[in-house]
Amino acid sequence: MMRPITIFLIMLLPVMGFSQRDWSQVSVKTTEIAPGLYRLFVGDGVAVVASVGENGLLVIDAAYAQTTPQLMEAIKKLSEAPIHYLVNTHLHGDHTGGNVELGRNADIIAHSSVKEYLSSEHIQGDRTIPPLPDHAVPNITFSDRMTLDFNGQTLEMTHLPEGHTGGDIIVWFPESRVLVMGDLLFAGYFPFVDVSNGGHPQGFMDNVAWILENFPQETTLIGGHGPVFNMQQLKEYHQTLAKTMEMVKNAKEKGMSQEEMKAERILKSWENYGTFFITEDRWIETIYPFL
Ligand SMILES: [Zn+2]
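Using this note's numbering, the first residue of the sequence shown is number 1, and each one after it goes up by one.
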C-alpha cells in the first residue's frame, strides 16, 4: 500500500487550487507594490512579480502554462520590452509552467535543483510529465546566494533549504523593502510542504522564523499564494502554524491517530486556514509523520 503522503501528492500536485477550472476565465490583477515593482495575481491563485524600468523587464515566477496568454497580456500592459530575466522561486508547475513562453528570450535564474528537475521527466500519478524544452529550463543557477542589479534595484536571491521544497529561493529588493517569498508563504493558509521534493514542515517553519529575524519590520512580503503580508502578519502566521503543530504533536503523544484527529477536527479553530489548497485534514497528514 502507498503511504498516505504519496497518495496525497499524486492527487493534488497537478491541480493546485485550479481543479475543474476553465482556464480561459482566469484573469490577472496587477498591483504596484513599489515604484517599478508590480504584483500580478493570476486568478485567485498564484502571484507573479514584475520589475519594470530602464533595463526592461524582469519577472519572478511564470504561473501555469495554461494561464500564459493572460499573464503575457498583463505584462505587456506594463512594458512592451522583452523579458530580460525570469526568476523561478522553485520547481512547481504553477510557478514554472509559463517558462515556455515567458522564458523564450530570457535568461532564467533558479536554484540549481530546479534546473535538474525541469530538465528531466517526472511521473505524477498515471501521467508522465516530459522535461521542459531547453529554452524554458533555468540557464543561470546558484546553490547559495546570488545578487543582480536591474532597473536601479538590487536583487538579493537566497536559497533557503528544506522548506516548501528543497530548492526554494527568496528574492529581496532592499531599496523597495520588498521580499518575494515564493511558496514559503501561503498567506493566511496552511502551506503545502512538498516532502517528495525536499520540503520539510519544520524546515518550512525555521525558514519563516529566519525571515522574521533577518528582515526589517517595514518589509512588504509577497507570497506565492494569498494576499500581500506585512511582518506582523507573517509573525502571526508563524505563531498560528506553530500552534497547530503543537496541537497535533500533543494529540499524537496522547495516542490519537490521524483519523481520530480529523474526526474530532482538532484544528477547527483555524478552519479559515484550510480553505485554499491544504485543508485541515491535509495539514494534519502533512505534519503528523514529523512530530
Ligand atoms: Zn509551490
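Just so you know, even glycine gets a beta-carbon here, dropped at the ideal spot from N, CA and C.
Being a predicted model, the structure only gives us computed values, none of them experimental.
Euclidean distance between Cα positions of Ile170 and Leu155: 10 Å
Exposed unless 16 or more other CB atoms sit within 10 angstroms - verdict on Thr147: exposed
Start and end residues, beta strand (DSSP E) containing Val59: Gly56 to Ile60
Reference Phe173, options Ser196, Phe192, Asp149 and Phe190, closest by Cα: Asp149
Range covered by the beta strand (DSSP E) that runs through Val208: Not the beta strand (DSSP E): Val208 falls in the alpha helix (DSSP H), residues Pro201 to Asn214.
Met2 in three-state terms, based on DSSP: Here the model assigns Met2 a pLDDT of 43, short of 50, so the residue's position is not dependable and the matter cannot be decided.
Integer Cβ distance of Leu221 from Asn207, believed to fall under 8 Å: Contact doesn't hold; Cβ gap of about 13 Å is too wide.
Classification of Pro138 by the beta-carbon crowding that lies within 10 angstroms, buried from 16 upward: buried
Environment of ligand 1 in chain order, Cβ to heavy atom below 5 Å: His92 and Asp183
Exposed unless 16 or more other CB atoms sit within 10 angstroms - verdict on Gly274: buried
Burial state of Lys268, where buried means 16 or more other Cβ atoms lie within 10 Å: exposed
Close beta carbons around Leu241, own chain, < 7 Å, minus the five adjacent residues each side: Met205
C-alpha gap between Ser27 and Lys115, whole angstroms: 29 Å
Neighbourhood of Met1 by C-beta distance below 8 Å, restricted to the same chain and skipping five residues each side: Because Met1 sits at a pLDDT of 40, beneath the cut-off of 50, its placement in the model cannot be relied upon, and the point is left open.
Integer Cβ distance of Gln226 from Phe186, believed to fall under 8 Å: Residue identity differs from the one stated: residue 226 is Gly in this sequence, not Gln. The pair is a contact, with the Cβ atoms about 6 Å apart (cut-off 8 Å).
CB contact flag (Leu86, Gly167, <9 Å): no
Neighbour flag for Ser113 against chain C, beta carbons, 9 Å: Absent here is chain C; the protein component of the structure consists of one chain.
Beta bridge counterpart(s) of Trp172 as assigned by DSSP: Glu156 and Leu179
Which of helix, strand or coil DSSP assigns to Ile231: One point to set straight first is that residue 231 is Met, not Ile, in the sequence displayed. Residue state, collapsed to three classes: helix.
Burial state of Gly144, where buried means 16 or more other Cβ atoms lie within 10 Å: Here the sequence assigns Asp to residue 144, which means Gly is not the residue at that position. With fewer than 16 Cβ atoms within 10 Å of its Cβ, Asp144 is classed as exposed.
Assigned exposure category for Phe192 - 16 Cβ within 10 Å defines buried: buried
Status (buried if at least 16 other CB within 10 Å, exposed otherwise) for His135: exposed
In DSSP terms, what Gln223 is bridged to: According to the sequence as given, residue 223 is Gly; it is not Gln. Answer is Gly182.
Burial state of Gln70, where buried means 16 or more other Cβ atoms lie within 10 Å: buried
Beta-carbon proximity check, Thr30 vs Leu102, cutoff 9 Å: no
Beta-carbon proximity list for Val180, same chain, < 6 Å, skipping 5 on both sides: Val49, Ile60, Val171 and Ile222
Where Asn197 falls, given that 16 or more other Cβ within 10 Å makes a residue buried: buried
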